[in-house]
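For the protein sequence lines, the chains are Y and U, in the order given. Remember, our numbering sits 18 above the position in the first sequence when you count from 1. Remember, our numbering sits 11 above the position in the second sequence when you count from 1. No residue lacks a Cβ here, since even glycine has one placed at the ideal position from N, Cα and C.
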Amino acid sequence: MRRTLLLGTALLATLPLPAAGVAGDWAVNGPSRVRLISQYRVAPGNASGAWLGLHFRLQPEWHVYWKNSGDAGYPPALTLAGSPGGVHGELLWPAPHRFELRGGLVAFGYADEVVYPVETQLAAGTADRERITAEVDYVVCQVDCIPFHSRLTLDQPLAAPGREAADPATAPLLAAARDRLPVALGARPGGVTAETGFTASPTPALTVQIRSVTAAPTTPAGADLFLEPQDLFETGKPEVTRLADGLRFRVPLTRKQVGKPLPATFPFAWTATGLQLPGEGNGRPVALAGPATVSLAAPPPLVEVAPGRSFARTLGLALAAMLSTLVALYGWGLLGERPRRSPARKALQESAGFLAAAGTLGFLYALSRGVRTEALAGVELSLLGMAFLAWLRATAAGRGKLAGALVVALGLCAGAAVWLAVQGRIG
Amino acid sequence: MRRWNRIAKPAACLVALAALVLTALPALAMGTVGETAPAFSLKGLDGKTHALADYAGKVVVLEWINPNCPFSDRHAQEKTMTTLAAKYGEVVWLGINSTSRDSRDFLPPAEHKAWADKNGIHYAVLYDESGTVGHAYGAKTTPHMFIVGKDGKIAYNGAIDDDPGGRKAKIARVNFVDGGLTAERASKAPDPAATKPYGCSVKY
Chain Y
19 MRRTLLLGTA LLATLPLPAA GVAGDWAVNG PSRVRLISQY RVAPGNASGA WLGLHFRLQP
79 EWHVYWKNSG DAGYPPALTL AGSPGGVHGE LLWPAPHRFE LRGGLVAFGY ADEVVYPVET
139 QLAAGTADRE RITAEVDYVV CQVDCIPFHS RLTLDQPLAA PGREAADPAT APLLAAARDR
199 LPVALGARPG GVTAETGFTA SPTPALTVQI RSVTAAPTTP AGADLFLEPQ DLFETGKPEV
259 TRLADGLRFR VPLTRKQVGK PLPATFPFAW TATGLQLPGE GNGRPVALAG PATVSLAAPP
319 PLVEVAPGRS FARTLGLALA AMLSTLVALY GWGLLGERPR RSPARKALQE SAGFLAAAGT
379 LGFLYALSRG VRTEALAGVE LSLLGMAFLA WLRATAAGRG KLAGALVVAL GLCAGAAVWL
439 AVQGRIG
Chain U
12 MRRWNRIAKP AACLVALAAL VLTALPALAM GTVGETAPAF SLKGLDGKTH ALADYAGKVV
72 VLEWINPNCP FSDRHAQEKT MTTLAAKYGE VVWLGINSTS RDSRDFLPPA EHKAWADKNG
132 IHYAVLYDES GTVGHAYGAK TTPHMFIVGK DGKIAYNGAI DDDPGGRKAK IARVNFVDGG
192 LTAERASKAP DPAATKPYGC SVKY
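This is the structure:
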């Protein structure tokens, strides 16, 4: 019914308008057309909360953008102007859709038809009409993207407050668009709450958990989460999990820049779409939005991989240092007595031991440039422990239990190195 | 002793193997600023093969380009890139076209070359039809700009300037690559080092 109504009003809106019309002329730009519309056929002068709309109609498969456009494109920009005293207003953003493009790229925006609502205050005065002009810059994309600039005008008749009249053609369009605006979380009664969090390992991710909502059955794409652009991270596609009493969105993050420490906190804004609220059984999907700040500092990484150093390289260096220490200990005969060794072979093995020891120093040096001092101290301690156990075993020759202890200690050291490295993985 | 050998040798081998495998794992490269720029070797419109390694020790600018994208075309007509490439003569400027052969935006090299000549583009433009290099850098738009520093690391990733619609006067635009290259000249890090690129999506 709503769709028919929309279609009907949309068709009506394309008809030539009378001179005193309250929708501006369409600016036709390639596959898109855009105009200004007003809620009122006759608006109350000095009305606060008069709604205008930036109305787009697009050819199939073309889209215009949400305030975060995704990987390409950009959102429309609108500058309003009117008579002295001015018309002010900012574009508001209905719940967006996700468009998956080739090559794993995404766009966030609107296809077919969209009205971006603009809440304005019309100028006070005695004039019986106001000419509103708007400069709009936007880009429309399908496979190609085409940028456009248009100057739009709208002649808004005015009347004394109380004598206003809604426009039957455009008021429903604007009402439908306003229904699609995300609702601020706090403004919605009924126990809907959200918790946000950040996890650093195994890979960085942001979670938004909304209580007391379900995914609206009428949205084919299901519930979705959109974040506003920010500098720190690239955001991936959210994984949506249904909980007993809500929905959980997990957004994988990739740092845009390494080598700079992360700030202690990360403020962001989220918009969740395709939701159904408790006690609202009409099936109309609702979008919720909220600001949030998560702490990036806790838990602190034990090993912070330095800029330009990969996690795998750091872990490899730690293991290589252990391995070369083991070779050195073996060469020096500290891993057990070497009976019947020829003097030449003994000398060779001892030289190899010194070489391996030099190798350990080299690996430790390389490691020292890639990790924090605490982590380096940990690796060095474990090497010292290995040497101490080997010495113990050599002095108490023949006691097999010590050999076992050495192997266990080695295993523990290697395990600790892996654990430290995984803890320190900060993307 | 024998028992020791039975335990220690396999253990040592295992540790060595693990170390080898882990060090050999490639780092995740997505054009992250501060990471080593992914290596590539691509054929250019000039018929020569250009590898990033050929320009080791130099500052390299990578510009994702698609003549059929109005944003690339506007910057070509406005000489945004060619002016910068001339201003920083010591810098190696490479255009990379990652448009897939299946895309309707794909141009045969001869047509691409005609477009480049018409717009005075004399820097090398490389073809990456498979999109491998584009994906390795996480290139999203045309134009999407990268500065690779002398140390071979990505120093800047993002938009060419702050004017997606091209509505500002040229003088009023903040050109991030210009700023980044000035910083590189002074051996400083570009600031900002990462911005949101704008334009058409890369036609992978």
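U/Tyr215 at chain Y interface by Cβ criterion, 8 Å:
Closer than 8 Å to some Cβ of chain Y, the Cβ of U/Tyr215 qualifies, so yes.
Rounded to whole angstroms, what's the CA-CA distance from Y/Ala195 to Y/Val258? Just pull it up for me.
Going from the Cα of Y/Ala195 to the Cα of Y/Val258 covers about 26 Å.
Report yes or no: is there a C-beta of chain U within less than 8 Å of the C-beta of Y/Asp43?
Judged by the 8 Å Cβ criterion, Y/Asp43 is not in contact with chain U.
For the 8 Å Cβ check, are there 3 or more pairs between the region 76-87 of chain U and the region 116-126 of chain U?
Yes, since at least three Cβ pairs between the region 76-87 of chain U and the region 116-126 of chain U fall closer than 8 Å, the two stretches touch.
In chain order, which continuous runs of the alpha helix (DSSP H) of length 4 or greater are located wholly inside the region 30-116 of chain U?
For secondary structure counted as the alpha helix (DSSP H) over 4 or more consecutive residues, the region 30-116 of chain U holds these complete runs in sequence order: 81-88, 91-98.
Inter-residue spacing [alpha-carbon to alpha-carbon] between Y/Leu477 and U/Gly145
Any property of residue 477 of chain Y remains undetermined from this structure, which presents chain Y solely from 19 to 445.
Using a threshold of 8 Å, state whether the C-beta atoms of Y/Leu265 and Y/Ile150 are closer than that.
Cβ distance not < 8 Å, so Y/Leu265 and Y/Ile150 don't count as in contact.
Between the region 260-294 of chain Y and chain U, which residues of the former have CB atoms less than 7 Å from a CB of the latter, in chain order?
Listed in sequence order: Thr272, Arg273, Lys274, Gln275, Val276, Gly277.
With burial defined as no fewer than 16 other Cβ atoms inside 10 Å of the residue's Cβ, what is the status of Y/Trp111: buried or exposed?
So Y/Trp111 counts as buried.
First and last residue of the alpha helix (DSSP H) that includes U/Ala121?
120-129 is the extent of the alpha helix (DSSP H) around U/Ala121.
Identity of the residues DSSP links to U/Lys164 by a beta bridge:
Note: U/Lys164 is bridge-paired with U/Thr47 in the DSSP secondary-structure output.
Taking C-alpha atoms, which residue in Y/Leu123, Y/Ala145, Y/Glu108 lies nearest to Y/Val136?
Between Y/Val136 and the set Y/Leu123, Y/Ala145, Y/Glu108, the nearest pair of CA atoms involves Y/Glu108.
Between the beta-carbon of Y/Ala129 and the beta-carbon of Y/Ala90, is there less than 8 Å?
No, these two residues do not count as a Cβ contact at 8 Å.
Cβ-based neighbour list, U/Ala35, same chain, cut-off 6 Å, excluding 5 preceding and 5 following
Bear in mind that the predicted position of U/Ala35 carries a pLDDT of just 35, short of 50, making it unreliable; the figure below should be weighed with that in mind. Here the set comprises nothing.
From the DSSP output, in three-state form, read off Y/Val46 for me.
Y/Val46 falls in the strand class under three-state DSSP.
Can you pull out the residues from the region 155-171 of chain Y whose beta carbon lies closer than 9 Å to at least one beta carbon of chain U?
When CB distances to chain U are screened at a threshold of 9 Å, the residues of the region 155-171 of chain Y falling below it are Asp155, Tyr156, Val157, Cys159, Val161, Asp162, Cys163, Ile164, Pro165, Phe166, His167, in chain order.
Neighbour list for Y/Asp249 in chain U, Cβ cutoff strictly below 7 Å:
Residues of chain U passing the Cβ test: Ala205.
Measure from the C-beta of U/Gly106 to each C-beta in chain Y and report whether the shortest distance is under 8 Å.
By the rule that beta-carbons nearer than 8 Å mark a contact, U/Gly106 does not touch chain Y.
Inspect the CB distances between the region 86-105 of chain U and the region 179-196 of chain U and report whether three or more fall short of 8 Å.
Yes: the two stretches touch, three or more of their Cβ pairs being nearer than 8 Å.
From the DSSP output, in three-state form, read off Y/Ala184 for me.
Correct three-state label for Y/Ala184: strand.
Are the C-beta atoms of Y/Gly121 and some chain U residue less than 8 Å apart?
For Y/Gly121, the nearest beta carbon of chain U is closer than 8 Å to its own beta carbon.
Please list the partners that Y/Tyr92 has in chain U, where partner means a Cβ-to-Cβ separation under 8 Å.
Ordered by position in chain U, the residues that pass the 8 Å Cβ test against Y/Tyr92 are Pro175, Gly176, Tyr209.
Identify, in the order they occur along the chain, each residue of the same chain with its Cβ nearer than 6 Å to the Cβ of U/Ala180, setting aside the five sequence neighbours on each side.
Counting only Cβ-Cβ distances below 6 Å, and skipping sequence neighbours, we find nothing.
Does the separation of the CB atoms of Y/Val158 and Y/Leu306 fall below 8 Å?
For the pair Y/Val158 and Y/Leu306, the CB atoms are not nearer than the 8 Å cut-off.
Relative to the C-alpha of Y/Ala310, which candidate in Y/Gln367, Y/Ala408, Y/Thr283 has its C-alpha closest?
Of the candidates Y/Gln367, Y/Ala408, Y/Thr283, the one whose C-alpha sits nearest the C-alpha of Y/Ala310 is Y/Thr283.
In chain order, what residues of the same chain lie with their CB nearer than 6 Å to the CB of U/Val71, ignoring the 5 residues before and after it?
Cβ contact annotation for U/Val71 (same chain, cutoff 6 Å, sequence separation greater than five): Val103, Val159, in chain order.
Can you name the residues that DSSP bridges to Y/Ser168?
Assignment of beta-bridge partners to Y/Ser168 by DSSP yields Y/Val154.
Range of the contiguous beta strand (DSSP E) that encloses Y/Ser313:
304-313 is the span of the beta strand (DSSP E), which, as asked, contains Y/Ser313.
Pick out whichever of Y/Leu76, Y/Lys278, Y/Arg147, Y/Leu430 has its Cα sitting closest to the Cα of Y/Ala178.
Considering only alpha carbons, the answer is Y/Arg147.
Taking only the alpha-carbon atoms, compute the straight-line gap between Y/Pro220 and Y/Phe329 and give it to the nearest angstrom.
Roughly 12 Å between the two C-alpha positions.
What would DSSP say about U/Ser212, mapped onto helix, strand or coil?
Three-state result, U/Ser212: strand.
Give me the chain U residues within the contact set of Y/Asp242, using Cβ-Cβ distance strictly less than 9 Å, ordered along the chain.
Under the 9 Å cutoff, chain U gives no residues; its nearest Cβ is about 19 Å from Y/Asp242.
Assuming Y/Tyr348 is part of the alpha helix (DSSP H), what are its boundary residues?
For Y/Tyr348, the enclosing alpha helix (DSSP H) stretches over residues 329-349.
Answer yes or no: does any C-beta atom of chain Y fall closer than 8 Å to that of U/Glu195?
Closer than 8 Å: no.
For U/Lys151, decide whether its Cβ has a neighbour in chain Y, counting only Cβ atoms nearer than 8 Å.
Yes, because at least one Cβ of chain Y sits closer than 8 Å to the Cβ of U/Lys151.
Return yes when the C-beta of Y/Ala346 is under 7 Å from any heavy atom of the ligand HEM, and no when it is not.
The ligand HEM is not part of this structure, which contains no ligands at all.
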